[in-house]
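Residue numbers (the UniProt record's numbering): 1 to 198.
In C-alpha cells, the structure reads:
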C-alpha cells in the first residue's frame, strides 16, 4: 500500500470509527425535535398593504426552528395551500437521507394539497444560521420560509454574547409571485425584473 493509501485509510478510519462526533465527547445527548408546520394562505399586511400570502403556521416569515448539532429534526408538513409544495432545509447536508432534501421531482414527489409529509433527518455537524423554504414554484417568495438555527452546545464563544437576534430579510412584493414570474418570463420583459424600468 502506498503512503497516500495508508494515510487515506488512517484518516477515514480515525474519522469514522475512532473519533465520535465532538458533541458526544462533551456530554451532550442529541434529542429529537418535532415541528408541526401548516403551509396555508392567510391574508396579512406586513407593510400595511393587505394581500394573501402563503405562510407557515399563519406567520410571515415562518417560525424559527432551533436545534443543536447532532439532533434529529422531525418536521411534519400539513399542506393547506391549495397547490402542491415541498420544503427544503437550505444548507443541510442530507447524507444518508437524500429523499428528505425537499427538491421536488428530484429528491421527492411534491406534497399534494390537503396531504401531509414528514421530513425526518439528523442535523449534521454544521452549526449556524440556515433557512427552510418551499421549493415548489414561487411559494417562498410569497412567504413559505423561516429561519433554521443550529446551535453548538459547546460553543466556545458562548460567554462573549448575551443573546442572538435573528433578522430575516426578503423582498416583499404587493403582487402575487406567480404573476411576477409570468411577467418576468414573458418575451416583452427582455429579462428585466418585474417592477423595474430599463
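Virtual Cβ for every residue (Gly too), placed ideally from N, Cα, C.
These numbers were taken from a predicted model, which means no experiment stands behind them.
Buried versus exposed, by CB contacts within 10 Å (16 or more), residue i
i	result
residue 241	Because residue 241 is not part of the residues shown, which for the chain are 1 to 198, the question remains open.
residue 87	buried
residue 114	exposed
residue 58	exposed
residue 146	buried
residue 61	buried
residue 73	buried
residue 85	buried
residue 182	exposed
residue 104	buried
residue 68	buried
Collapsed DSSP secondary structure at residue i in the structure displayed
i	result
residue 134	strand
residue 183	helix
residue 22	Here residue 22 scores only 45 on pLDDT, less than 50, and its place in the model is too uncertain to base an answer on.
residue 116	strand
Beta-bridge pairing of residue i - partner residues as DSSP gives them
i	result
residue 104	108
residue 121	73
residue 129	149
Boundaries of the beta strand (DSSP E) in which residue i is found, first to last residue
i	result
residue 93	Note, residue 93: premise wrong, no beta strand (DSSP E); not H, not E.
residue 65	65–68
residue 42	32–44
residue 75	72–80
residue 145	145–151
residue 54	51–56
Reference residue i, options the options, closest by Cα
i	options	result
residue 66	76, 51 and 34	34
residue 31	46, 122 and 51	122
residue 98	112, 183, 119 and 84	119
residue 134	111, 125, 151 and 126	111
residue 128	137, 150, 50 and 144	150
residue 169	143, 125, 163 and 158	143
Cβ-heavy atom distance, residue i to the ligand HEM, below 7 Å
i	result
residue 97	In the structure shown, the ligand HEM is absent, as is every other ligand, since no ligand is present at all.
Neighbour flag for residue i against chain B, beta carbons, 8 Å
i	result
residue 44	No chain B appears in this structure, which consists of one protein chain only.
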